[in-house]
Each structure stands twice: as C-alpha cells, then as structure tokens.
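Protein chains in written order, with this note's numbering: chain A, 277 to 351; chain B, 28 to 300.
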C-alpha cells in the first residue's frame with residue numbers, strides 16, 4: 277500500500293508518540309494495512325508500533341481504527 | 028493532536044461489542060466528530076435507534092439516547108421531535124432495521140420532512156441475528172438464508188429516501204472516514220429530513236460467506252466502487268456499472284413538518300396568522 281505520494285511527503289517536526297490501547301485492539305489489521313509508511317505491524321492479533329520514526333502524522337490509523345485503540349500524539 | 032473521543036463516550040463502555048474490523052466503530056467516530064463540529068450539547072441532543080448491531084451505537088455515546096423496538100427508530104424519533112422541537116434528533120440504525128422491518132416508518136419520516144438526521148449503516152446483511160439476507164443484500168450474494176445466492180433485487184436506500192421525500196440525501200462509505208463526519212454535520216445543519224447512507228462492512232456474517240479474504244479486502248472493495256457524484260457526470264453508463272455514487276446526492280428546501288404542525292395548532296386554537 278506504500279504509495280509514491282506518501283513517500284514524497286517530507287517528515288517534519290518531532291516523531292509523534294503512537295499510543296496503542298491493547299485492551300481495545302481486536303486485531304482487524306485495518307491500521308497496519310492502510311499505513312502509508314508501514315509504521316504498524318500485526319503481531320499475534322494485536323497491533324505493534326515497529327517503525328515510529330517513519331510516521332508522517334497522516335493520522336489514518338487513528339481515523340480508521342474501529343475500536344478506538346490507536347492515538348497519535350503529535351505534540 | 029490525537030482526537031479526544033473519550034469525552035463523548037460513556038465511561039467503562041469500551042471495548043465495544045462489534046466484531047474485529049466492523050465499520051460501525053468508524054461511523055461512531057465520524058458521528059462524534061460531526062456532533063463536536065456542530066457544537067451539539069449533551070442535554071439537547073437525542074440519539075434514537077432500533078435493534079441490531081448498528082443500533083447498539085447510542086449505548087456507547089454520552090448523549091440523551093433512546094434504544095427502541097426493532098425498526099421503530101424513526102417513529103420514536105418523530106415523537107421526541109414533536110414533544111421537544113428544540114432538540115437535535117439523530118436516528119441511527121442498519122439496513123435491515125431501517126428499510127425492512129422499519130421501512131414503513133422510514134419512508135413516512137422522509138415524506139413528512141421532519142427535522143432530523145437519519146444515519147443508516149448499510150452492511151448489506153442482518154448481522155446480529157445470524158446473517159440473514161436483508162433488502163440491501165446484493166443480488167447473487169450469499170447469506171445464511173440464501174446459501175445459493177440471493178435472487179432478490181436490492182433497495183437503493185438513497186434513491187428510496189429521495190423518492191419518499193427526504194430533503195437531504197447523501198452517501199459515503201466506512202472507508203471514506205473524513206467524509207462521514209462532513210456529511211453527518213451537513214445533515215444535522217440541514218432543516219428537514221436528512222438521510223446519510225454509510226456503506227459499511229460486515230466481515231463476520233457477510234464477508235466470510237462471500238469470499239472476502241479479510242476486512243481489508245472489504246474496505247478496498249468499498250474504495251474501488253465508490254464514485255464521487257462530481258466525477259460520475261463525466262462517466263458513461265458502462266463505466267458506472269457496479270459502482271455507487273458518493274457525496275451529497277440530493278438537497279432541497281421544503282417546509283418542515285414541526286413548523287407546519289405548529290401552524291395547525293395555532294389555527295385550531297383560533298390564533299391563525
């Protein structure tokens with residue numbers, strides 16, 4: 277799913293803190309699949325933040341998570 | 028900054044009951060953002076729903092909520108709006124609740140043009156009761172009661188709403204997360220009956236039976252088949268085959284029911300203007 281458009285985005289500012297509330301996560305993998313820079317990965321039915329430094333703060337994971345389990349703290 | 032959804036959710040209610048990957052959670056997020064952007068207050072907003080997976084939604088949101096009989100959300104919402112016209116009334120429900128069991132209430136709420144917003148989460152199936160086919164199950168697709176494929180033609184909820192007289196009709200999908208809150212907010216601000224159809228995914232009872240490999244597959248399908256209304260005018264009928272339009276499909280200004288009814292009351296009491 278990594279699109280050229282997303283790769284062209286320049287990373288600005290500090291790396292955001294991505295909070296995963298594991299108790300809420302049901303492992304649907306929507307967030308990992310639609311992350312343009314593959315920051316998230318599935319690990320035994322729970323999402324894990326594997327490359328936080330690659331995050332471009334597009335907020336798609338937070339927007340699409342049906343379970344309210346991901347928060348991207350940008351400041 | 029991370030969006031603060033928790034302030035609008037009843038404490039201790041998460042994690043919710045919906046299956047992994049169910050789009051209702053995405054719609055709930057959109058609804059919360061829409062209500063925030065319209066500045067709706069807890070005590071002056073009523074969320075009304077019937078029965079079904081989608082109708083569980085008001086149980087989680089910290090507003091005035093009413094969980095009613097199957098399909099009767101529109102009827103109860105009409106009652107709330109008549110008794111308290113100053114309240115913002117939002118109806119929530121699924122395709123089975125809204126167009127099959129509650130089809131009659133739905134079309135007459137549209138016809139009367141009552142000032143409320145009806146968000147229909149169309150996941151093409153009765154999810155909670157075991158995956159029976161609904162009026163919105165696409166022809167040929169499988170459900171627990173149509174194991175050889177559904178022979179019925181389907182309802183187009185948006186066209187049904189326009190035909191019945193709703194004055195604001197829009198359609199989006201669970202994939203188009205930012206469009207959900209924009210359209211719901213527009214519907215809330217609209218004076219009259221607003222119907223927002225959100226095409227949703229049901230991985231458990233619909234996806235499994237119809238050879239979708241995963242919930243992501245279902246999301247991608249919604250993305251591929253959605254055509255924005257503006258783009259559709261430049262496309263041929265052939266190109267539009269199997270696609271659906273998204274965005275604001277219909278909007279007009281017509282007299283609103285509660286105001287018209289107030290005039291009748293005034294006339295009956297001898298104060299006709």
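Even glycine gets a Cβ: it sits at the ideal position worked out from N, Cα and C. Here the structure is a predicted model, which means the values were calculated and not measured.
Asked                                                                                                                                                               : Found
Along the chain, which unbroken stretches of the alpha helix (DSSP H) at least 4 residues long are found entirely within the segment 217–274 of chain B?            : 242–252 and 256–259
Nearest chain A C-beta to residue 231/B closer than 8 Å, yes or no?                                                                                                 : no
Between residue 348/A and chain B, is any beta-carbon pair separated by less than 8 Å?                                                                              : yes
Mind checking who residue 76/B pairs with in its DSSP beta bridge?                                                                                                  : 94/B and 119/B
Would residue 251/B be called buried (16 or more neighbouring beta carbons within 10 Å of its own) or exposed?                                                      : exposed
DSSP beta-bridge partners for residue 199/B?                                                                                                                        : 225/B
Within the continuous beta strand (DSSP E) that includes residue 139/B, where are the two ends?                                                                     : Unbroken run through residue 139/B is the alpha helix (DSSP H), 130–139; no beta strand (DSSP E).
Scan the segment 38–77 of chain B and note each continuous alpha helix (DSSP H) run of 4 residues or more that stays entirely inside, going in chain order.         : 51–64
Is the beta carbon of residue 75/B closer than 8 Å to that of residue 118/B?                                                                                        : yes
In chain order, what residues of the same chain lie with their CB nearer than 6 Å to the CB of residue 193/B, ignoring the 5 residues before and after it?          : 137, 220 and 222
Could one say the Cβ of residue 282/A lies closer than 8 Å to chain B's Cβ atoms, at least one of them?                                                             : Per-residue confidence for residue 282/A stands at a pLDDT of 49, beneath the threshold of 50, marking its modelled position as unreliable; the derived number appears in the next sentence. No, because no Cβ of chain B sits closer than 8 Å to the Cβ of residue 282/A.
What separation, rounded to the nearest whole angstrom, lies between the Cα atoms of residue 240/B and residue 232/B?                                               : 13 Å
Compare the C-alpha of residue 315/A against each of 293/A, 344/A, 342/A and 343/A and name the closest.                                                            : 293/A
Excluding sequence positions up to five away, which residues of its chain have a Cβ less than 6 Å from the Cβ of residue 206/B?                                     : 199
Going by alpha carbons, who is nearest to residue 229/B out of 172/B, 164/B, 112/B and 190/B?                                                                       : 164/B
Measure the C-alpha to C-alpha separation of residue 69/B and residue 261/B and round it to an integer number of angstroms.                                         : 43 Å
Any Cβ of chain B within less than 8 Å of the Cβ of residue 298/A?                                                                                                  : no
Tell me which residues share the same chain as residue 21/B and place their Cβ nearer than 7 Å to its Cβ, disregarding the 5 neighbours each side in the sequence.  : No information on residue 21/B is available, as it lies outside the stretch 28 to 300 that chain B covers here.
With 16 as the cutoff for other CB atoms within 10 Å, does residue 148/B come out buried or exposed?                                                                : buried
Among 166/B, 201/B, 286/B and 196/B, which residue has its Cα nearest to the Cα of residue 306/A?                                                                   : 201/B
In chain order, what residues of the segment 200–217 of chain B put their CB closer than 9 Å to some CB of chain A?                                                 : 201, 202, 204 and 205
Suppose the cutoff is 8 Å on Cβ atoms and the five residues either side in sequence are ignored; what does the same chain contact list for residue 63/B look like?  : 35
In chain A, what lies closer than 7 Å to residue 48/B by C-beta?                                                                                                    : 304, 306 and 342
Pair every Cβ in the segment 126–134 of chain B with every Cβ in the segment 176–192 of chain B, then say whether three or more of these pairs are closer than 8 Å. : yes
State the DSSP-derived secondary structure class of residue 296/B, mapped to helix, strand or coil.                                                                 : coil
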